[in-house]
DNA sequence: GATGAATGAGTATTCATTCAT
DNA sequence: AATGAATGAATACTCATTCAT
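Residue numbers (UniProt numbering), protein chains in the order written: chain A, 1 to 212; chain B, 1 to 212; chain C, 1 to 212; chain D, 1 to 212.
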């Protein structure tokens, strides 16, 4: 997207800008983030920004894209490392929360995107949901979960993740946690949420219902 | 909030401003909404605005408060009208989606609030969730749903509602629907979502599991 | 053009801006003239500018329009005051030079207009030329000048006026004249120019040729 | 002017830059012409520009100088080829218009120069006028034209040429002429203009007045 | 000789807010 | 109560110029 650097130095500079933008968008929000603030954070001159990005929106889109790629990567890696299918699912979910806990900017940025870049917003959710859909389809075929409209359920999972993540990460009950500290996911609540989800998807087969 | 009008005329003016603000914030977003645009939409002079509101944030908070009150009212009314507890739950949910479909501004406005007015954002979700919590507690006591951490589940429901609402209302599959048309909630998906939720909450008792 | 003020105060402010713009455009040129400089010269706040003008171009066009109206006014007034037709012509020409001597900005501004506002440029020349054309037609009908394509001749007169005006006003031989001093039109050269023009237009009739 | 290349390759590069600058200045105007655009048009790297020119003004001056040299060359060549003095004069004028028709950039560039490079502007007009002065002096001595202040008349001719040229070349009545097409000088108007000029200069001697 | 990454001063424009009427 | 003229801080973006490679 935007202009691609032609030298190694340029590549470094561009990457520094994206990192700085994530930081600044995350803490100030899109509108209060200014290009100057981003370039200062990145330690480059103002004009340099326009060497690599067409404007504020362009770098915003790129930050969303970048975070999206990384959160999905974290999720698939975690799932892959898990033993069986049901553990994989939990691992993926946990990775999602861990990532957002470490990158609260993700929420803040995404939730801004409605007016800033609707396309980026939709892309972000859709890609993650697609990951869920794949997983659910496989599980369904394996008989691990019941017959159901995986699409609707996948979006529901996305909603659960977003809302609980917001609650845990952004509204960190111990609001007095010093800034910068990574929010801890409350294990008990996470488990409660997972059980709720698993009951909702449990296969029909009597005796092995997730309800117990 | 802000200044209260002393005359009937003043009350009307103030109300016109709130209505205009809902419209403008909803279609333009907080930052692109300007006070001039709001006053023009309201058909009053620019200076008049500051007679009733301390500033842009103040009217934003009021709009959020107003929408929140109305959506909750719609939900409780619908639930009250229902026959039994399980129907009440569905009715409430359906009312939520209907309201958001009729007021897409709600989403757009709320999702902006993260940086504009974090307090208003939290207030909005918390009040709705509290409504869920009350309902769930009663249902739990009646044995209609299982023993569980209703708090966590209530937030999960909030998340499901927000995400599916966004999907149905904002990303209206038939994007060619003429602007202004109220989005139709897809009944099949709504039912699928409700079943997912009900299975997640179904009481343990064998034989009456929501799973079937 | 642009926004019209609704109050007397506004009208005054707007007029001050136009005057300031003439001054600043004239001494700095379009590109080095900044809105701040114009508003400072006018003694109003920066934002005030945008109350009355859509932008830099808009006020430029208005300045051209204004100067054009005034130079034509000066010319017709002078011509009207003259006794006979031949004197009227000279008087008009002289008024043109006097006006440009008093408003050197006219040249500087007009000559910039090629890229800034081609429409304004053309309008300026065309309106003045139209004045010449009217005069020449009347003179031709009265037999004061010969049969000829008055259009072409009128444009030629415009060119002569512009070039000699530029020479006299802008390149004021005594360049050491303190800035702000009004350039003096060299009478001898003016007369030489008028004779050249008059010979070019003189009626065919022998005996009354302007050539003698 | 500026740095002189030391190699044949350098000479070519420099020439390409001047040509590109004529093109870019001509179509975009001084201020909207950027060094990048010039170097892109020339097909060289940005930094290369500063190898041969001190800055934007420097290349502008050079372009003016170059165009000036070429238009005068065209005029003297045409005049030399003509048989007698009166034909030489017409031929020179015609060459002037033809050149400007083929290089409309000339006008556009020159008319910008007022603030960009007043020296270049004056130089341009003065050199051409000097050519006229030489011709007029010779003609006067030969008795082909009357006694008169050739200086003033020469500037008048310059003005006529510039204004009618602008009219013919820039405002090409058939504006629908496809871009890039060379404007055709309207013969009838050209002749009318020449007759006007010739009458203005015609010798006193009765019987051979240009007036007939 | 040639290049293009880096820079930051400069500028048009927007908009929340104040205040005299 | 209502108005709208006035303000200036804030900000995205451009571009001539430098310089290390």
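Note that CB positions come from ideal geometry on N, CA and C, so glycine has one too.
Using a cut-off of 7 Å between C-beta atoms, extract the partners of residue i located in chain D.
i: residue 31 (chain C); result: 31
Quick one: give me the first and last residue of the alpha helix (DSSP H) that residue i is part of.
i: residue 145 (chain C); result: No alpha helix (DSSP H) contains residue 145 (chain C), which DSSP labels as neither H nor E.
i: residue 93 (chain A); result: 85 to 102
i: residue 32 (chain C); result: Note, residue 32 (chain C): premise wrong, no alpha helix (DSSP H); not H, not E.
i: residue 76 (chain B); result: 56 to 81
i: residue 200 (chain A); result: 187 to 201
i: residue 184 (chain D); result: First-last for residue 184 (chain D): undefined, no H or E at that position.
i: residue 48 (chain C); result: 46 to 52
i: residue 106 (chain D); result: 105 to 116
Would you say residue i lies against chain C (beta-carbon separation less than 8 Å)?
i: residue 213 (chain D); result: For chain D, the structure presents residues 1 to 212; residue 213 (chain D) sits outside this window and is missing.
i: residue 85 (chain D); result: no
i: residue 208 (chain D); result: Unreliable placement is indicated for residue 208 (chain D), whose pLDDT of 47 sits below 50; the coordinate value is still reported in the next sentence. Taking Cβ atoms only, chain C never reaches closer than 8 Å to residue 208 (chain D), which makes this a no.
For residue i, which residues in chain A fall below 8 Å Cβ to Cβ?
i: residue 149 (chain B); result: 188, 189, 192
Residue i versus chain C: which residues are under 7 Å apart at the beta carbon?
i: residue 100 (chain D); result: Those within 7 Å of residue 100 (chain D) in chain C number zero; the least Cβ separation is about 13 Å.
Would residue i count as contacting chain B if we go by Cβ distances under 8 Å?
i: residue 160 (chain A); result: yes
i: residue 93 (chain A); result: no
i: residue 36 (chain A); result: no
Are the C-beta atoms of residue i and some chain A residue less than 8 Å apart?
i: residue 163 (chain B); result: yes
i: residue 212 (chain B); result: Caution applies to residue 212 (chain B), whose pLDDT of 42 falls short of 50 and renders its modelled position unreliable; the model cannot decide the point.
i: residue 199 (chain B); result: yes
Run through chain A and tell me which residues come within less than 7 Å of residue i, C-beta to C-beta.
i: residue 153 (chain B); result: 196
Of all Cβ atoms in chain D, is any one closer than 8 Å to the Cβ of residue i?
i: residue 156 (chain C); result: yes
Under 9 Å between beta-carbons, which chain D residues line up against residue i? List them in chain order, please.
i: residue 49 (chain C); result: Chain D residues near residue 49 (chain C): none, gap ~20 Å exceeds 9 Å.
i: residue 10 (chain C); result: Ordered by position in chain D, no residue passes the 9 Å Cβ test against residue 10 (chain C), which lies about 32 Å from the chain.
Using a C-beta to C-beta distance shorter than 8 Å, which residues of chain C count as neighbours of residue i?
i: residue 45 (chain D); result: By Cβ distance, chain C contributes nothing, its closest Cβ being about 27 Å from residue 45 (chain D), past 8 Å.
How would you list, in chain order, the residues of chain B whose beta-carbon sits under 7 Å from the beta-carbon of residue i?
i: residue 167 (chain A); result: 155
May I ask you to check if the CB of residue i is nearer than 7 Å to at least one heavy atom of the ligand SAM?
i: residue 123 (chain B); result: With respect to the ligand SAM, the structure shown offers nothing to examine, as it has no ligands at all.
Practice problem: Say whether the stretch 20 to 39 of chain D touches the stretch 59 to 79 of chain D, bearing in mind that this needs 3 or more beta-carbon pairs closer than 8 Å, one atom from each stretch. | Solution: The stretch 20 to 39 of chain D vs the stretch 59 to 79 of chain D: in contact.
Quiz item: Contact between the stretch 143 to 156 of chain B and the stretch 183 to 197 of chain A: three or more CB pairs below 8 Å?
Solution: In short, these stretches touch, since the Cβ pair count reaches three.
Exercise. Flag this pair as touching only if the stretch 196 to 204 of chain D and the stretch 140 to 149 of chain D have three or more C-beta atom pairs under 8 Å; answer yes or no.
Key: Segments in contact, yes.
Quiz item: Do the stretch 159 to 168 of chain C and the stretch 90 to 102 of chain C make contact, defined as three or more Cβ pairs closer than 8 Å?
Solution: A contact exists between the stretch 159 to 168 of chain C and the stretch 90 to 102 of chain C.
Self-check item: At least 3 beta-carbon pairs within less than 8 Å: the stretch 29 to 38 of chain D vs the stretch 47 to 61 of chain D
Solution: Contact holds between the stretch 29 to 38 of chain D and the stretch 47 to 61 of chain D, because three or more Cβ pairs, one in each stretch, are under 8 Å apart.
Quiz item: Residues in the stretch 107 to 122 of chain B with C-beta within 7 Å of chain A's C-beta atoms, listed in sequence order?
Solution: From the stretch 107 to 122 of chain B, only 108, 111, 112, 114, 115, 122 have a Cβ closer than 7 Å to chain A.
Practice problem: Pull out every residue of the stretch 12 to 30 of chain A whose Cβ sits closer than 7 Å to any Cβ of chain B, in chain order. | Solution: Answer in chain order: 29.
Quiz prompt | the stretch 69 to 76 of chain C in contact with the stretch 127 to 146 of chain C per 3-pair CB rule at 8 Å | solution = A contact exists between the stretch 69 to 76 of chain C and the stretch 127 to 146 of chain C.
Quiz item: Which of the residues in the stretch 57 to 77 of chain D, read from start to end, lie with their CB under 9 Å from any CB of chain C?
Solution: Hits within the stretch: zero.
Self-check item: Stretch pair the stretch 101 to 119 of chain A + the stretch 109 to 119 of chain B: three plus CB contacts closer than 8 Å
Solution: Taking 8 Å as the limit for Cβ pairs, the verdict is that the stretch 109 to 119 of chain B does touch the stretch 101 to 119 of chain A.
Quiz item: Would you call the stretch 2 to 17 of chain B and the stretch 4 to 15 of chain C in contact, with 3 or more CB pairs under 8 Å?
Solution: Result no; under three Cβ-Cβ pairs closer than 8 Å.
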